[in-house]
Amino acid sequence: MAELILEMNHITKKFSGVKALDDVNLKVEKGEIHALCGENGAGKSTLMNVLSGVYPAGTYEGDIVYKGETCHFKNIRDSEEKGIVIIHQELALSPYLSIAENVFMGNEQVSMKGVIDWTMTKKKAKEALESVGLGHENVNAPINTLGVGKQQLIEIAKAMAKNVDLLILDEPTAALNDEESAHLLELMLEFKKRGVTCIIISHKLNEISYVADSITVIRDGHTIETLKKGVDEFTEDRIIKGMVGRELSNRYPERKDCPIGDVVMEVKNWTVYHPEIADKKVIDNINIKVRAGEVVGLAGLMGAGRTEFAMSLFGHSYGQKISGQVFMHGKEVSTKTVQDAIKNKIAYTSEDRKTYGLVLIDDIKHNTTMAALGTYFSKHGIVNKNEEILAAEDYKKKMNTKATSINQAVGSLSGGNQQKVVLAKWMATQPDVLILDEPTRGIDVGAKYEIYCVVNELAQSGHAVIIISSELPELIGTCDRVYVINEGKIAGEVSRSELTQENVMKTIMEHNKEKGGEQ
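Each number in this note's numbering corresponds to the 1-based position in the sequence shown with 42 added.
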């Protein structure tokens, strides 16, 4: 029998009397990659926070047995001293400090006199970077000069510099593109060869089935089952059945009785320049239209300009020297400010819900109504509290948001439920056009299904919906047609009958050839 590095026995954790974890058991073998799967709010991150000392001993029931020893971690430093390191979904890096400073933040390399030894710090930082494939990076460069993919690798380098034996990765690929995700997964397999044990939490089931040796499924705070590669069925459908407690035969609900009407919004000759590089054109003469009852997708590779287009359209939130026209119901309107866009019935949900979509320390009620407060919930500058409460309750029910009440802080919700609050916030503005930027990033299949149902309801009620997604199956499953954006231009349009991953990629490749021929 394989040697166990970790046993978590009968773990129960309560928040305000509510059980987030109820008699959870987890066994992890030494040197394996062990995945934790479950819907948002199932208790995966809570369990790992118990293990790493974020929730200290005494705040939960049960035992942690690590390397044969029962442990009582009072804080993260205690668990790190034993070789357990957790990398949270939200990166814990300081943007203005150098790479070397970030790698050894909280783990400073000091001389005998307690003074930081910068020569040693930079030398060891270089070694840590080499372990994650970033040996060519300048260790003196500020972290904010790197992309998200490299920052994620810096977090791993930071963990490796602590002599890690058990590495916990919470949604490590949620904000990464396909190439960056593939690199990170290969890195995990490399760590496995070096004898490092990994626990990964992820909603990307294709990645889990590729990289994991074992999968433990958690549902509603209970451990349901553990599947082993080579022994049990290891398919996405099998994992989903464990997560949601039933077969999910169709991940994309069918949209019925939804006639497509007249053009609601048309954008003509939209051009945007980079906010800092004056002569760099980011969006080049884009023309699109979307009709009532229609769901239109924006596809493209990472960096193609989809988010930049949406943000520039919504109150000129991105870029400079913006030109072009926006028509709503055939009438030209201004979207120069966010207030203009909202007033003209355009709404936009950001891909970064925690930075731009929500006030995490505030409650569900205020987050739901804030964008529509001046228009629908106040008169002469005085907020009608009763209407605000009724609307928040209504949207909580409509969106099936799992929370104790509308007074619960949004920061305490799971990712899927936070996304539902973001959607509710913009639905409360009663838009005619709703632009959803990566609406299901970092959330589980069950919550995704619920959001697709909301999209269908919006279309059926005559709204126009635009979806930006890096997941082509999502666009294929939800959209009536798709505009393909490549290097800031419309590369082509694909109708529903021809909507396949191959045709989208073919459109991009053909556009690249045309551009090459023009040069």
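The C-beta atom is built at its ideal place from N, Cα and C for all residues, glycine as well.
Item: Sub-8 Å separation of Gly-263 and Ala-84 beta-carbons; Value: yes
Item: Cβ neighbour criterion (16 or more within 10 Å) applied to Met-503; Value: According to the sequence as given, residue 503 is Ser; it is not Met. Per the 10 Å Cβ criterion, exposed.
Item: Residue from Ile-266, Gln-543 and Thr-410 with nearest C-alpha to Val-66; Value: Ile-266
Item: Reduced DSSP category for Met-202 - H, G, I as helix; E, B as strand; rest coil; Value: helix
Item: Range of the contiguous alpha helix (DSSP H) that encloses Ile-185; Value: Counting along the chain, Ile-185 falls outside any alpha helix (DSSP H), and DSSP gives it neither H nor E.
Item: 8 Å CB neighbourhood of Glu-556 in its chain, flanking five on each side removed; Value: none
Item: Assigned secondary structure, Asp-405 (DSSP; H/G/I helix, E/B strand, else coil); Value: strand
Item: Whether Ile-129 touches Glu-197 by CB criterion (8 Å); Value: yes
Item: Reference Pro-481; option with closest CA among Glu-535, Met-547 and Ser-392; Value: Ser-392
Item: Contact set for Val-286: own chain, Cβ-Cβ below 8 Å, skip 5 residues either direction; Value: Glu-81, Arg-261, Val-487 and Gly-488
Item: Under the three-state DSSP convention, the category Phe-115 falls into; Value: coil
Item: The region 312 to 320 in contact with the region 354 to 373 per 3-pair CB rule at 8 Å; Value: yes
Item: Local Cβ density within 10 Å of Gly-100, reported as buried at 16 or more and exposed below that; Value: exposed
Item: Cβ contact (3+ pairs, closer than 8 Å) linking the region 159 to 174 and the region 107 to 123; Value: no
Item: Alpha-carbon spacing of Leu-89 relative to Leu-541, whole angstroms; Value: 41 Å
Item: Val-152: first and last residue of the uninterrupted beta strand (DSSP E) it sits in; Value: From DSSP, Val-152 is part of no beta strand (DSSP E); its letter is neither H nor E.
Item: Sub-8 Å separation of Ser-251 and Glu-278 beta-carbons; Value: yes
Item: Beta-carbon proximity of Cys-79 to Ile-257, cut-off 8 Å; Value: yes
Item: N-terminal and C-terminal residue of the beta strand (DSSP E) that Ser-537 is part of; Value: 531 to 537
Item: Nearest-angstrom Cα separation, counted from Lys-323 out to Arg-293; Value: 38 Å
Item: Pairwise C-alpha distance: Glu-143 and Leu-402; Value: 28 Å
Item: Beta strand (DSSP E) runs wholly inside the region 201 to 239, at least 3 long, in chain order; Value: 208 to 212
Item: Val-305 to Gly-339 span [Cα, whole Å]; Value: 16 Å
Item: Pairwise C-alpha distance: Phe-276 and Ala-77; Value: 12 Å
Item: Cβ shell of Ala-254 (< 6 Å), same chain only, five flanking positions each side left out; Value: Ile-75 and Ala-77
Item: Same chain, Cβ closer than 6 Å to Ile-319, neighbours up to 5 away in sequence not counted; Value: none
Item: Whether Ile-47 touches Val-92 by CB criterion (8 Å); Value: no
Item: One or two residues paired with Arg-523 in a DSSP bridge; Value: Val-338 and Ser-537
Item: Host beta strand (DSSP E) of Ser-173 (start-end); Value: Ser-173 -> not in any beta strand (DSSP E); alpha helix (DSSP H) instead, spanning 160 to 173.
Item: Chain-order list of residues whose beta-carbon lies under 6 Å from that of Ile-518 (same chain, five-residue window excluded); Value: Leu-541
Item: Rounded separation between Ile-527 and Arg-483 - CA only; Value: 20 Å
Item: Proximity below 8 Å, CB of Val-259 to CB of Val-475; Value: no
Item: For Met-370, three-class secondary structure by DSSP; Value: strand
Item: DSSP three-state assignment for Gln-561, whether helix, strand or coil; Value: The pLDDT assigned to Gln-561 is 49, lower than 50, so where the model puts this residue is not dependable; a value taken from the coordinates is nonetheless given after this. Reduced to three states, the DSSP call for Gln-561 is coil.
Item: Any beta strand (DSSP E) of 3 or more consecutive residues that is wholly inside the region 379 to 444; Value: 388 to 391
Item: Option in Ala-533, Lys-396 and Ala-434 with minimal Cα separation from Gly-457; Value: Lys-396
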